[in-house]
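> Each residue of the sequence shown is one higher than the one before, starting from 1 at the first, in UniProt numbering.
Heads up, the beta-carbon is just placed ideally off N, CA and C, and yes, glycines get one too.
There's a structure below that I have some questions on.
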Amino acid sequence: MVKHALKADSELASSQPDVSPPSAMPTSQQHFYDRVLLFPTLCNSKEYEPWKRYFFTGIVSLAAVAAPLQSNILLPALSEISTYFQVSRSLVNLSVAFYILAMGIIPLWWSVISELYGRRPVYLISFAIFVVWNVVSAESISISMLIVMRVLCGGASASVQAVGAGTVADLWEVERRGQAMGYFFLGPMVGPLVSPILGGILTEKLGWRATQWATVVYGAIVWLLILFCLPETSQAAARKPPSSSCSSQEGSKAILSQVHRIVSIFLEPFKILAYLQFPPVLLTVYYASSTFACYYAVSITLQTLFSEAPYSFSPIIVGLVYIPCALGSIVASLLGGRWTDHIMRRRAKSAGRVNPETGQIQYLPGDRMGENAWLASVMYPAAGLWFGWTIDKGIFWLVPCIATFFFGLGSSTVFSMTLTMLTELLPGRTSTGVALNNVLRNALACVVVVVMQPLIDAIGPRWIFTGLAVIGWASIGIIWLFRKNAVAWAADMENKLASR
Numbered sequence: 001m002v003k004h005a006l007k008a009d010s011e012l013a014s015s016q017p018d019v020s021p022p023s024a025m026p027t028s029q030q031h032f033y034d035r036v037l038l039f040p041t042l043c044n045s046k047e048y049e050p051w052k053r054y055f056f057t058g059i060v061s062l063a064a065v066a067a068p069l070q071s072n073i074l075l076p077a078l079s080e081i082s083t084y085f086q087v088s089r090s091l092v093n094l095s096v097a098f099y100i101l102a103m104g105i106i107p108l109w110w111s112v113i114s115e116l117y118g119r120r121p122v123y124l125i126s127f128a129i130f131v132v133w134n135v136v137s138a139e140s141i142s143i144s145m146l147i148v149m150r151v152l153c154g155g156a157s158a159s160v161q162a163v164g165a166g167t168v169a170d171l172w173e174v175e176r177r178g179q180a181m182g183y184f185f186l187g188p189m190v191g192p193l194v195s196p197i198l199g200g201i202l203t204e205k206l207g208w209r210a211t212q213w214a215t216v217v218y219g220a221i222v223w224l225l226i227l228f229c230l231p232e233t234s235q236a237a238a239r240k241p242p243s244s245s246c247s248s249q250e251g252s253k254a255i256l257s258q259v260h261r262i263v264s265i266f267l268e269p270f271k272i273l274a275y276l277q278f279p280p281v282l283l284t285v286y287y288a289s290s291t292f293a294c295y296y297a298v299s300i301t302l303q304t305l306f307s308e309a310p311y312s313f314s315p316i317i318v319g320l321v322y323i324p325c326a327l328g329s330i331v332a333s334l335l336g337g338r339w340t341d342h343i344m345r346r347r348a349k350s351a352g353r354v355n356p357e358t359g360q361i362q363y364l365p366g367d368r369m370g371e372n373a374w375l376a377s378v379m380y381p382a383a384g385l386w387f388g389w390t391i392d393k394g395i396f397w398l399v400p401c402i403a404t405f406f407f408g409l410g411s412s413t414v415f416s417m418t419l420t421m422l423t424e425l426l427p428g429r430t431s432t433g434v435a436l437n438n439v440l441r442n443a444l445a446c447v448v449v450v451v452m453q454p455l456i457d458a459i460g461p462r463w464i465f466t467g468l469a470v471i472g473w474a475s476i477g478i479i480w481l482f483r484k485n486a487v488a489w490a491a492d493m494e495n496k497l498a499s500r
């Protein structure tokens with residue numbers, strides 16, 4: 001733990017702004033598409049004026065809206081798509097399920113590419129692909145074509161999941177990074193709030209294809225913003241193009257280097273699965289993934305049952321019923337982080353853990369699990385149980401909708417807490433923990449989306465959410481394990497990671 005504290009102190013010291021004038025990157029080291037930028041590319045992206053860094057952060061936040069926008073905008077249209085293609089609801093749900101799966105897996109490769117070639121090429125390539133696949137998706141002539149295009153769209157839009165946080169870290173010093181991350185995460189939070197409403201309006205007025213054309217327009221706007229307004233921020237990426245004049249030996253070395261890079265791009269993502277050998281990583285990822293799966297169980301059930309009797313809501317109204325859950329998530333995102341920080345400081349002080357060299361308090365990731373974790377682990381399963389039984393009985397629509405507010409509040413508290421813990425469990429490997437979490441939680445959510453409709457038809461939502469509530473309440477055991485073993489786990493992980 002001393003090494004971790006010293007590392008953090010070193011990072012903080014090195015992140016202080018330089019008093020020397022900002023130095024622009026030489027034109028010879030820039031790509032041809034950098035010449036259209038309205039802002040210069042600096043050698044150190046932290047040297048930009050604060051307003052520019054806020055502006056760049058805002059662009060990345062807007063880009064982060066794309067993935068949840070495309071995921072949720074189709075939810076109110078699922079019934080119409082089922083009728084249009086004359087296929088079952090379960091088959092149509094695959095367009096959502098496989099999209100979620102692609103969002104979890106493909107960012108692993110985007111992350112590796114960004115470290116090798118920079119953030120800006122990843123954004124430009126992925127959003128260009130996103131626009132193209134959405135055009136094809138909007139013109140789909142069969143359900144299989146729609147599903148395949150949705151998978152490709154999900155993989156393209158999810159690039160921001162892997163690269164966005166890295167861009168924010170490039171731009172901001174450690175002491176201001178938390179606030180900037182908050183602004184960045186507004187994008188993923190606003191997306192689920194706006195997209196079902198927009199999807200419902202477009203579906204009812206223009207048909208389901210209009211939802212895909214809306215994402216085409218949004219993706220094109222984001223691509224143009226990135227092209228003209230977002231410079232490269234990664235200083236570690238090798239951005240200098242290879243020289244055209246080199247010896248035969250140098251040319252051979254360059255070719256071997258490129259081959260090595262290509263091999264790394266394909267193989268590196270698979271190595272992150274090895275981190276599941278550490279109990280705190282495994283338990284944290286499981287906690288987040290099981291909660292995320294429940295979140296999508298609620299999302300699918302909302303669309304399915306509110307569009308059928310006795311509710312029989314129109315697509316617009318179906319989009320509106322997602323608002324309470326989204327509002328609960330936003331409240332948790334705005335307040336949960338501060339609450340978690342407060343709990344961590346209090347528990348560390350209470351334990352009396354002090355760095356003998358610096359005299360500073362030593363924090364453990366498990367310190368974030370306090371009354372917030374207990375409350376959230378009780379709240380979201382209980383709210384899910386409330387939701388499942390009331391919507392199954394056809395009780396007045398407001399009653400299950402209120403339940404989804406508390407479900408969003410509790411589940412998003414878990415998301416915020418576990419995501420922060422994963423960035424701290426693997427110091428120096430923050431993107432690795434987040435990527436690992438994305439893979440497993442999206443894979444589990446994909447399974448839930450696939451099986452939800454058959455389960456609703458077979459046993460009804462009341463028993464589905466009874467089972468999910470039991471699983472959620474069982475996660476309370478994870479909190480107890482962290483409180484008991486946090487110190488021992490931290491020491492064991494530090495030793496094993498240091499030996500790598």
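Closest to residue 333 by CA distance: which of 408, 131, 323 is it?
The shortest C-alpha separation from residue 333 is found at 408.
> Is residue 385 close to chain B? Criterion is C-beta to C-beta, closer than 7 Å.
Considering every chain present, this structure includes no chain B. It has just one protein chain.
> When burial is assigned at 16 or more other CB atoms within 10 Å of the CB, is residue 39 buried or exposed?
Counting Cβ neighbours within 10 Å, residue 39 comes out exposed, since fewer than 16 surround it.
> When we look at the beta-carbon of residue 242 and count the other beta-carbons within 10 Å, is it buried (16 or more) or exposed?
Low confidence applies to residue 242: its pLDDT is 42, below 50, so where it sits in the model is not reliable, and the reading given next is rough at best. That one is exposed.
> Can at least three beta-carbon pairs, one atom from the segment 31-47 and one from the segment 131-144, be found at a separation below 8 Å?
Counting Cβ pairs under 8 Å, fewer than three are found: no touch.
> Going by DSSP, what residues sit across from residue 100 in a beta bridge?
DSSP lists no partner for residue 100.
> Can you find the residues in the same chain that come closer than 6 Å, C-beta to C-beta, to residue 487, ignoring five residues on each side of it along the sequence?
Hits under 6 Å: none found.
> According to DSSP, what are the bridge partners of residue 354?
Note: residue 354 sits in a beta bridge opposite 361.
> Does any heavy atom of the ligand HEM sit closer than 6 Å to the C-beta of residue 100?
Judged by which ligands are present, the structure shown has none, so any question about the ligand HEM falls away.
> Counting only the same chain and skipping the five closest in sequence on each side, list residues whose C-beta sits under 6 Å from that of residue 231.
Closer than 6 Å at Cβ, skipping near neighbours: 37, 39, 41.
> Give the C-beta separation of residue 417 and residue 372 to the nearest angstrom, bearing in mind that I take them to be a contact with Cβ-Cβ under 8 Å.
6 Å between Cβ atoms; contact.
> So, for residue 268: in the same chain, excluding its five sequence neighbours on each side, which residues have a beta-carbon less than 6 Å away from its beta-carbon?
Answer for residue 268: 112, listed in chain order.
> Would you say residue 394 and residue 461 are within 7 Å of each other, going by their C-beta atoms?
It is not a contact, given that the beta carbons lie outside the stated cut-off.
> Just verifying my parser: in three-state terms, what is the DSSP assignment at residue 74?
It is coil, neither helix nor strand.
> What span of residues does the alpha helix (DSSP H) with residue 415 cover, start to end?
First-last of the alpha helix (DSSP H) with residue 415: 398-425.
> Let me make sure I understand the geometry here. Which of 294, 128, 193 has the alpha-carbon closest to that of residue 218?
Here the closest residue by C-alpha is 128.
> Going straight from the alpha carbon of residue 367 to that of residue 347, what length do you get?
In a straight line, the C-alpha of residue 367 is about 6 Å away from that of residue 347.
> Between the segment 301-319 and the segment 191-204, can you find at least three pairs of beta-carbon atoms closer than 8 Å?
Verdict: yes, contact present.
> Report all residues from its chain with a CB closer than 6 Å to the CB of residue 114; omit the five preceding and five following residues, and keep chain order.
Excluding residues within five positions, the ones whose Cβ falls inside 6 Å are 122, 163.
> Quick check on residue 38: does DSSP put it in helix, strand or coil?
Coil, per DSSP.
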